[in-house]
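Residue numbers (the numbering used here): 26 to 180.
Just so you know, even glycine gets a beta-carbon here, dropped at the ideal spot from N, CA and C.
The block underneath contains the structure these notes are about, expressed in structure tokens.
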Amino acid sequence: MRIVYVEDNLANVHLVKRVARMGKHEVINYIDGMDALNNFATDKPDLVLMDIQLAGELTGIEVVQKLRNDGFTTPIIAVTAYAMVGDKERCIEAGCTGYMSKPIPVTDLVNLFHEYEKLEQETEKEATEEKVQEQPAKTEASEAAETATKAETSE
26 MRIVYVEDNL ANVHLVKRVA RMGKHEVINY IDGMDALNNF ATDKPDLVLM DIQLAGELTG
86 IEVVQKLRND GFTTPIIAVT AYAMVGDKER CIEAGCTGYM SKPIPVTDLV NLFHEYEKLE
146 QETEKEATEE KVQEQPAKTE ASEAAETATK AETSE
């Protein structure tokens, strides 16, 4: 699973990367919201962890709002040390899928990664099943034509 972590505190980044490596996940870190926005489409993350109080010109909330306004539906988990009354609601209203307060317990992080990895696998399975159902069944006539074409090209 590819995880984008927008966080300016290196100690937090190291913790998340260490836990992610245990599950064989990749973590891409941005310390600035604008960098995250500029690279989001290229990175194609499966999950985003978003610090709400970022250094730079954009807050985490503003980054989330811009991503949602651009049509991105990737799950975004707000991560903040400022667990004030109303913060969770404000993050969810901005478009976050979930909310975690710092410091993040390692077990919560492991469970979060496992939950979204499982969700990603189910989504991939459904997409594969839909693709198979969309493929038209070969008729006897199309199979005969395909066989005849192969015979002609091999001669």
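If you ignore the 5 residues before and after residue 83, its C-beta comes within less than 7 Å of the C-beta of 58 and 59, all in its own chain and listed in chain order.
Secondary structure at residue 72: strand, using DSSP grouped into helix, strand and coil.
Beta-bridge analysis with DSSP links residue 52 to 28. Boundaries of the beta strand (DSSP E) harbouring residue 104: 101 to 105, taken from the DSSP string. Judged by their CB atoms, residue 52 and residue 45 are nearer to each other than the 7 Å cut-off. When DSSP states are grouped into helix, strand and coil, residue 33 belongs to the coil group. For residue 123, the secondary structure class from DSSP, reduced to helix, strand or coil, is strand. Counting along the chain, residue 88 sits inside the alpha helix (DSSP H) bounded by residues 85 to 94. Between residue 75 and residue 41, the beta carbon gap of about 12 Å keeps them out of contact (Cβ cut-off 8 Å). Within a 10 Å sphere around the beta-carbon of residue 79 sit 16 or more other beta-carbons, which makes this residue buried. CA-to-CA, the gap between residue 100 and residue 72 works out to about 5 Å.
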